[in-house]
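*Asks:* If you scroll down you'll find the structure; I have some questions about it.
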Ligand code: UD1
Ligand code: CA
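Residue numbers (full-length UniProt numbering): 1 to 455.
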């Protein structure tokens, strides 16, 4: 049967007290709306429409690589009104539409599949994901009759008895498309909030002799985010879930509670992650690495056997058995070879560093290509910027750069060369030579006495 999906993401999220639209708040490094999109895709829902309104340009920008379509809700008149705004998307479609509130990011793909199967197998026209809560405050309540769903009553519209109902609407549904579209015409905003509630469709369907079922799901999957407190709680649940996957795969976390791994990160076996690390985006860490405390690694590839300590690595690649840090800063578009060493207070930007090359301390390398087996003395600076433009420096294999040297770009340093400490290199250093570019030392005999400066 044909299946499509709609995500409701037009609301402002007043209770977040934020200028950012609610669905763009991140959970484990990824926007809530993108979590929802990923879950839908993973459960074979490929035709996805997002209802946008508040901050619509930002929501579009954040979802632009996800191959979704958009409907626009000019004024946020409620979740039912949001679906009315997606009528064009539903037009001429027959089959099932899964509808997700954009602020429910923890639902698992298996559960979505189960919801769709429950819907199909029972021939319901609508199936609602629900949870049982000790404290259901704020959620719409599920009013059941003969096991089926009779209607959903929003918290603010509940009478005393309904307030005691512990089964809540998770904001995730399957609908028969045609029944939904017909029902939309009958929605009114005659309720406590003066809004068109999607949840009122349930009663409308039922009054037309259709059946609405429910599927109870663990609250750890259905928790909605309305405030920063909710956001922090959801973050914790997802963090535990992600960390458990890595632990089960053979990764050691010294303290999982204090280890922050993004949902798309991959980590190989026998890698050890110390506390207080943030590993984000599309980062891949291979096997047998040690990530000591206080690192931030984003969108990078760390090959096997690498050790990183107290360092930042962004959009870069680090080769096998290389060590990084403590206190190194690897900036985007850097590729570091195997068995290399990037030591303390070293910054590398948009550069290639060859295998076995050592940059042990207090050095800046920017816009450079460095060969294999080179050694950078303490305090080397690649002077890649003249105030206007950036220039490239190329260094061959087996170069030895003495301490406190400046390499003024653009400059070429050939294979098997030495640069004397304290040199400011502005010209080509030819193969096999020693370059000295500094004033010769001169001792002025008796100077101290003559100046009367003797102590
Ligand atoms: C909604 C449900 C409630 C359920 C809860 C689950 C309704 C009427 N109520 O309440 O039964 O228990 O979710 O979390 O549906 N949105 C729009 N346009 C609008 C209004 C909302 O796109 O005009 C979007 C929001 O961006 C959000 C989602 O719909 O992603 C839910 O809106 P929200 O205001 O958070 O609904 P709740 O009050 O939580
Ligand atoms: Ca909500």
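Positions of the beta carbon are idealized from the N, C-alpha and C atoms, including for glycine.
All figures in this text were calculated on a predicted structure; none of them were measured in a lab.
What residues come near ligand 2, if near means a beta carbon less than 6 Å from any of its heavy atoms?
*Replies:* Output, sorted by chain position: 101, 103, 224, 226.
*Asks:* So, for residue 323: in the same chain, excluding its five sequence neighbours on each side, which residues have a beta-carbon less than 6 Å away from its beta-carbon?
*Replies:* The residues are 307, 341.
*Asks:* Starting from residue 150 and walking both ways along the beta strand (DSSP E), at which residues does that stretch end?
*Replies:* Where residue 150 is concerned, the enclosing beta strand (DSSP E) stretches over 148-153.
*Asks:* Spatial neighbours of residue 397 within its chain, please: CB distance less than 8 Å, with the 5 preceding and 5 following residues excluded, ordered by chain position.
*Replies:* Counting only Cβ-Cβ distances below 8 Å, and skipping sequence neighbours, we find 354, 371, 372, 373, 374, 415, 416.
*Asks:* For residue 276, I'd like the list of residues in its chain whose CB is within less than 7 Å of its CB, leaving aside the five on either flank, ordered along the chain.
*Replies:* 258, 293, 294.
*Asks:* Please return the same chain residues whose Cβ sits closer than 6 Å to the Cβ of residue 363, not counting the five positions on each side in sequence.
*Replies:* 346, 376, 380, listed in sequence order.
*Asks:* By the 10 Å Cβ neighbour count, where 16 or more other Cβ atoms means buried, how is residue 457 classified, buried or exposed?
*Replies:* A question about residue 457 goes unanswered here, because the residues of the chain that appear run from 1 up to 455.
*Asks:* Taking residue 360 as the reference, which of 378, 367, 351, 366 has the closest Cα?
*Replies:* Ranking the options by Cα distance to residue 360, first place goes to 378.
*Asks:* Round the Cβ separation of residue 4 and residue 93 to the nearest angstrom and send it over; I've been treating them as touching at under 8 Å.
*Replies:* Indeed, because the Cβ distance is near 6 Å, the residues count as touching under 8 Å.
*Asks:* Which class does residue 271 belong to by DSSP, given the choice of helix, strand or coil?
*Replies:* In the structure shown, residue 271 sits in coil (DSSP, three-state: anything other than H, G, I, E or B).
*Asks:* In the DSSP output, which residue or residues are listed as bridge partners for residue 462?
*Replies:* Outside the shown range of the chain, which is 1 to 455, sits residue 462, and nothing can be said about it.
*Asks:* Are the Cβ atoms of residue 128 and residue 232 separated by less than 8 Å?
*Replies:* No.
*Asks:* For the 8 Å Cβ check, are there 3 or more pairs between the stretch 100-107 and the stretch 184-191?
*Replies:* Short answer: they don't touch.
*Asks:* Using a Cβ-Cβ cutoff of less than 6 Å, which residues in the same chain neighbour residue 81 once the five nearest sequence positions on both sides are dropped?
*Replies:* Within the same chain, residue 81 has close Cβ partners 196.
*Asks:* Mind checking which residues open and close the alpha helix (DSSP H) that includes residue 32?
*Replies:* 32-42 is the span of the alpha helix (DSSP H), which, as asked, contains residue 32.
*Asks:* Should residue 206 and residue 151 be called a contact, given that it needs their Cβ atoms to be closer than 8 Å?
*Replies:* Result yes, Cβ atoms of residue 206 and residue 151 sit closer than 8 Å.
*Asks:* Could you check which residue in 140, 21, 96 has the C-alpha nearest to that of residue 121?
*Replies:* Of the candidates 140, 21, 96, the one whose C-alpha sits nearest the C-alpha of residue 121 is 96.
*Asks:* Contact between the stretch 57-64 and the stretch 127-141 is defined here as three or more beta-carbon pairs at a separation below 8 Å; is this criterion met?
*Replies:* At 8 Å Cβ cutoff, the stretches do not touch.
*Asks:* In angstroms, rounded to a whole number, what distance separates the CA positions of residue 67 and residue 385?
*Replies:* If I take the Cα positions, the gap works out to 40 Å.
*Asks:* Taking the alpha carbon of residue 54 as the point to measure from, which residue in 20, 424, 236 has its own alpha carbon closest?
*Replies:* Out of 20, 424, 236, 20 has the C-alpha closest to the C-alpha of residue 54.
*Asks:* Can you give me the C-alpha to C-alpha distance between residue 429 and residue 453, rounded to a whole angstrom?
*Replies:* Between residue 429 and residue 453, the C-alpha separation is close to 42 Å.
*Asks:* Please check the pair residue 89 and residue 49, which I expect to be a contact at CB under 8 Å, by giving their CB distance rounded to whole angstroms.
*Replies:* With a Cβ gap of about 4 Å, residue 89 and residue 49 count as contacting.
*Asks:* Have a look at the DSSP bridge pairing and note the partners of residue 71.
*Replies:* Looking at the DSSP assignment, residue 71 forms a beta bridge with 51.
*Asks:* What do you reckon, are the CB atoms on residue 106 and residue 223 nearer than 8 Å?
*Replies:* Yes. Within cutoff.
*Asks:* Where do the N-terminal and C-terminal ends of the alpha helix (DSSP H) with residue 177 fall, by residue?
*Replies:* Counting along the chain, the alpha helix (DSSP H) containing residue 177 begins and ends at 177-184.
*Asks:* Excluding the 5 residues flanking residue 267 on each side, which residues of the same chain have their C-beta closer than 7 Å to its C-beta?
*Replies:* Excluding positions up to five away in sequence, the list reads 246, 251, 285.
*Asks:* Just curious, the alpha helix (DSSP H) that residue 246 is in, first and last residue?
*Replies:* First-last of the alpha helix (DSSP H) with residue 246: 228-248.
*Asks:* Apart from the five residues on each side of it in sequence, which residues of its chain come closer than 7 Å, Cβ to Cβ, to residue 239?
*Replies:* So the list reads 28, 260, once near-sequence residues are dropped.
*Asks:* Where does residue 111 fall in DSSP's three states?
*Replies:* In the structure shown, residue 111 sits in a helix (DSSP, three-state: H, G or I).
*Asks:* Within a Cβ cutoff of 7 Å, which residues of the same chain sit near residue 168, ignoring the five residues on either side of it in sequence?
*Replies:* Once the five neighbours on either side are set aside, the close Cβ partners of residue 168 are 130, 131, 133, 136, 139, 140, 141, 142.
*Asks:* Can you list, in chain order, the residues of its chain whose CB lies under 6 Å from that of residue 351, leaving out five sequence neighbours each side?
*Replies:* Same-chain partners within the cutoff: 334, 365, 368.
*Asks:* With DSSP run on the structure shown, which of helix, strand or coil describes residue 352?
*Replies:* Three-state result, residue 352: strand.
*Asks:* I need the straight-line Cα distance from residue 434 to residue 424, nearest angstrom please.
*Replies:* Cα-Cα distance, rounded: 13 Å.
*Asks:* Measuring CA to CA, which of 318, 305, 280 is closest to residue 287?
*Replies:* Residue 305 is the option with its Cα nearest to residue 287.
*Asks:* Just to confirm the assignment, what range does the beta strand (DSSP E) spanning residue 369 have?
*Replies:* Run containing residue 369: 368-370, per the beta strand (DSSP E) assignment.
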